[in-house]
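Q: Take a look at this one; I'll ask things after.
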Amino acid sequence: MSKKYIIGANWKMNLSLSEASQLFHSLSDAILPNEQREVLVFVPQPFLGVFESNHRITLGAQHFHAPELQGAFTGETSLNHLKSLNIATVLVGHSERRMHFGESDDKVTVKARKAVEEGFRVVLCCGEPLDIREKGEEEAFKFVYDQLKFLELWPTNLLQKIIIAYEPVWAIGTGKTPSLDEIEYLHSNLHDQLHQVTQVDLPILYGGSCDAENSKAIFALKGVNGGLIGGASLKVDSLLQIISNAC
Numbered sequence: 000m001s002k003k004y005i006i007g008a009n010w011k012m013n014l015s016l017s018e019a020s021q022l023f024h025s026l027s028d029a030i031l032p033n034e035q036r037e038v039l040v041f042v043p044q045p046f047l048g049v050f051e052s053n054h055r056i057t058l059g060a061q062h063f064h065a066p067e068l069q070g071a072f073t074g075e076t077s078l079n080h081l082k083s084l085n086i087a088t089v090l091v092g093h094s095e096r097r098m099h100f101g102e103s104d105d106k107v108t109v110k111a112r113k114a115v116e117e118g119f120r121v122v123l124c125c126g127e128p129l130d131i132r133e134k135g136e137e138e139a140f141k142f143v144y145d146q147l148k149f150l151e152l153w154p155t156n157l158l159q160k161i162i163i164a165y166e167p168v169w170a171i172g173t174g175k176t177p178s179l180d181e182i183e184y185l186h187s188n189l190h191d192q193l194h195q196v197t198q199v200d201l202p203i204l205y206g207g208s209c210d211a212e213n214s215k216a217i218f219a220l221k222g223v224n225g226g227l228i229g230g231a232s233l234k235v236d237s238l239l240q241i242i243s244n245a246c
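Okay, so the sequence shown: first residue is 0 according to numbering that gives the first Met the number 0, each after it adds one.
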């Protein structure tokens, strides 16, 4: 059976509304529908009510507050807000949320669980910093798996709403990329360990300076089911090339 690929475009805090609109509509016009491939676009939070998912692109949210669904949380977005906008996919645990906003492993666990219980699909991010990577592949794998260990306790129906995104923190936005062997080692071991414990095949995306040039080789690796793309997703030509490489 051929792999089903998922390409997630994380636009972060980039693009004006007019720029985002032009990019979104250019993608919608150019992407060919493909049952073996899904394209997710995580637009900036204020734009979630501007665009709509279609048969070529699925909209996702970069952030939400949890576990509360409403209340005195100034500036926050709730899962109920996202439901009202027909958003059904969310990012959880991105390294920038962990680093800049203090989202701990415990907080990530709470957010992920609440989201899936509310019917959302979660792209769950994990990854190691440079000092851990420099200790070797086994230490990097252990660090990353520990971030996901809470999934061992989840029932199958909730696990089926999880997509893993492995993002080596030291490679994000730096232009540095692990070797293909390093990527395959971590992805294949993550997949096998999670499957052994949960009996669920969780898709695992690669995120970390994945671009139009290297994505085809990365997507061909064992255990890689697509990519979570940052900077390379902000230009239509590069993102379309990455999407076309997922086949």
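Where is the CB? At the ideal position from N, CA and C, for every residue including glycine.
Bear in mind the structure is a predicted one, so any value in this text is a computation, not a measurement.
1. What residue from N213, I163, K148, V223 has the CA that sits closest to Y184's CA?
2. At which residues does the alpha helix (DSSP H) containing R132 begin and terminate?
3. Whole angstroms are fine: how far does the CA of S17 sit from the CA of Q192?
4. Looking only at its own chain, which residues have a Cβ that is under 6 Å from the Cβ of R112, when we skip the five neighbours before and after it?
5. With a Cβ-Cβ cutoff of 8 Å, do I163 and C125 count as a contact?
6. In whole angstroms, what separates the C-alpha of W10 from that of A231?
7. Return the chain-ordered ranges of every beta strand (DSSP E) run that is complete within the region 203-236 and spans a minimum of 3 residues.
8. Any idea which residues DSSP pairs C125 with across the strands?
9. Might you give, ordered along the chain, the residues of its own chain that have their beta carbon closer than 7 Å to the beta carbon of I203, omitting 5 neighbours on each side?
10. Quick one: complete beta strand (DSSP E) runs, 3+ long, within the region 17-76?
11. Could you spell out the range, first to last residue, of the alpha helix (DSSP H) harbouring A114?
12. Residues in its own chain within less than 8 Å of E116 by CB, not counting five upstream and five downstream?
13. Just reading off the beta strand (DSSP E) that A170 is part of, what are its end residues?
14. Report, in whole angstroms, the separation of the C-beta atoms of G229 and I171, which I expect to be a contact under 8 Å.
15. In whole angstroms, what separates the C-alpha of D104 from that of R55?
16. CB-CB under 7 Å to N213, same chain, minus the five flanking residues each way: which ones, in chain order?
A: Considering the structure as presented:
1. V223
2. Unbroken alpha helix (DSSP H) run through R132: 129-132.
3. 44 Å
4. Same-chain partners within the cutoff: there are none.
5. In this structure, I163 places its C-beta atom within 8 Å of the C-beta atom of C125.
6. When rounded, the separation of the alpha-carbon atoms in W10 and A231 is 9 Å.
7. 203-205, 225-228
8. The partner list for C125 (beta bridge, DSSP) reads Y165.
9. I163, Y165, H186, L189, H190, G222, V223, N224
10. Every beta strand (DSSP E) stretch that sits fully inside the region 17-76 and reaches 3 residues is listed by chain position as 36-41, 57-59.
11. 104-116
12. L157
13. Taken as a continuous stretch (DSSP letters only), A170 belongs to no beta strand (DSSP E), as it is neither H nor E.
14. 7 Å
15. Their backbone Cα atoms lie some 33 Å apart in a straight line.
16. T176
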